[in-house]
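*Asks:* For reference, the structure I am asking about is given below.
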Amino acid sequence: MNITRYYHTASILKNGMVLISGRPFDDTLDISTELYDPSTGMWTNTGSMCSQRAHHKASVLTDGKVLVTGGLQGFDRLASTELYDPSTGSWINTGNMITARWQHTASTLENGIALIAGGQNGKPLGTRGI
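So the sequence shown is numbered by the working numbering: it starts at 6 and just counts up by one.
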């Protein structure tokens, strides 16, 4: 990686590249993201996220875009979501979940919808969102 990260995500894109998003190890508010090309072993920067976050989840959707949900920004719990488009290398805000959450799960269902479940928001959450 070009910078050391932790509590980040790694998403395998449809083109075989790996999208890395999330908090730098030095705790700066860096919002950069990176692509890893396993065929060359090279790392390249791609578009910057809309919000700095850690403990978030990322789901590759059936259209190849990546949905990032929740997480923490410092000590603030996030309900925000954003979408990465590999064809443009850009991120856009896509709204908020009903409940801010971190350390949750995110799965893409066969119909293309992302299922977001569990995690915590100061206490464990048994709720889910679609």
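From the three backbone atoms N, C-alpha and C, an ideal C-beta is built for every residue, glycine too.
(1) CB leucine 66 to CB alanine 105, shorter than 8 Å?
(2) For a test of the three-state rule: what should DSSP assign to threonine 110, helix, strand or coil?
(3) Check whether the stretch 89 to 98 touches the stretch 108 to 116, counting contact only when three or more Cβ pairs, one atom from each stretch, lie closer than 8 Å.
(4) Does the beta-carbon distance from alanine 63 to serine 26 come in below 8 Å?
(5) At what residues does the beta strand (DSSP E) containing alanine 15 begin and finish?
(6) Applying the criterion that 16 or more other CB atoms from any shown protein chain within 10 Å of the CB defines a buried residue, is methionine 6 buried or exposed?
*Replies:* According to the structure shown:
(1) No, Cβ-Cβ distance for leucine 66 and alanine 105 is not below 8 Å.
(2) Strand at threonine 110.
(3) Segments in contact, no.
(4) Yes, the pair counts as a contact, with Cβ atoms nearer than the cut-off.
(5) Per DSSP, the continuous beta strand (DSSP E) segment holding alanine 15 begins and ends at 14 to 17.
(6) Counting every other CB atom within 10 Å of its CB across the protein chains shown gives methionine 6 a total below 16, marking it as exposed.
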